[in-house]
Amino acid sequence: MTEGSHAAGPARLNVGEIVAAVLLTLAGLYVAWEGTHFPLGTVVRMGPGFVPVALGLMLAGIGVLLTLTVARSPEPTPKFYVVPVAWVCSGLVAFGLLAERFGLVPATAAMVVLCALAERPVRLVPLALLIIGLSALGAIVFVEALKLPMSIVRW
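In structure tokens, the structure reads:
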């Protein structure tokens with residue numbers, strides 16, 4: 004062997020990623036199985052079980068592909084950061100708690116601000132534009148187009 008060359012060793016199993024991918028597969032299979040307890044219907048006239056079965060099978064397929072991909076990946080498992088995940092989860096919870104009481108726009112604003120705290124530094128102009136854009140999109144799609152019984156702003 005020459006001085007600059009290194010022999011590649013055997014690929015290391017990424018156990019954590021494999022476990023996560025297998026759990027994703029199992030979750031998809033469980034959703035699909037639960038969906039079979041409802042009438043499936045047809046593609047043209049879908050029953051209440053059609054979408055859960057279809058999405059569960061897609062999730063299981065993604066889990067299988069992910070398992071095969073990460074099983075022998077030479078890359079180490081990336082570090083998991085808890086704080087950003089906590090900010091994003093808090094944003095989703097805030098939206099759920101605020102939407103009915105205060106309306107779509109304030110709930111969206113709270114969600115976007117809390118989720119933005121997951122990545123530092125927070126830049127105010129892009130944050131404000133994102134709040135305005137998502138609030139407008141949500142109002143147009145959910146309140147106006149789909150006619151969901153939700154207030155845009157309620158004080």
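In terms of this note's numbering, the sequence shown opens at residue 4 and continues consecutively. We treat Cβ as the ideally placed atom computed from N, Cα and C, and that holds for glycine.
Local conformation of residue 44 per DSSP, three classes: Note: residue 44 maps to strand in three-state DSSP.
Distance, residue 48 Cα to residue 122 Cα: The alpha-carbon atoms of residue 122 and residue 48 are separated by roughly 44 Å.
Where residue 8 falls, given that 16 or more other Cβ within 10 Å makes a residue buried: Confidence in residue 8 is poor, its pLDDT being 48 and thus under 50, which makes the residue's placement unreliable; the coordinate value appears in the next sentence. Here residue 8 is exposed. Its C-beta has fewer than 16 other C-beta atoms within 10 Å.
Run of the alpha helix (DSSP H) containing residue 106, from where it starts to where it stops: For residue 106, there is no enclosing alpha helix (DSSP H), as DSSP marks it with neither H nor E.
Contact belief for residue 56 with residue 35 at Cβ below 8 Å, rounded distance in angstroms: With 8 Å as the limit, residue 56 and residue 35 qualify as a contact, their Cβ atoms being about 5 Å apart.
Simplified DSSP state of residue 114, which is helix, strand or coil: DSSP, reduced to helix, strand and coil, places residue 114 within a helical segment of the structure shown.
Segment contact, 8 Å Cβ cut-off, at least three pairs: the segment 67-82 with the segment 116-133: Output reads no: the segment 116-133 does not touch the segment 67-82.
Residue 45, buried or exposed, once every other Cβ within 10 Å from all chains shown has been counted against 16: So residue 45 counts as exposed.
Where the alpha helix (DSSP H) containing residue 149 begins and where it ends: Following the DSSP letters along the chain, one finds residue 149 in no alpha helix (DSSP H), marked with neither H nor E.
Residue 99 to residue 74 span [Cα, whole Å]: Roughly 37 Å between the two C-alpha positions.
Of the listed residues 102, 76, 113 and 103, nearest to residue 94 (C-alpha basis): Taking only the C-alpha atoms, the option nearest residue 94 is 113.
At least three beta-carbon pairs within less than 8 Å, the segment 57-64 to the segment 102-112: Flag = no, the segment 57-64 and the segment 102-112 do not touch.
Chain-order list of residues whose beta-carbon lies under 6 Å from that of residue 27 (same chain, five-residue window excluded): Closer than 6 Å at Cβ, skipping near neighbours: 66.
Residue 111 vs residue 134 beta-carbon contact at 8 Å: The answer is yes: Cβ separation under 8 Å.
Beta-carbon contacts of residue 137 that lie in its chain and below 8 Å, excluding the five residues immediately before and after: For residue 137, the CB contacts under 8 Å within the same chain, skipping 5 residues up- and downstream, are 111 and 115 in chain order.
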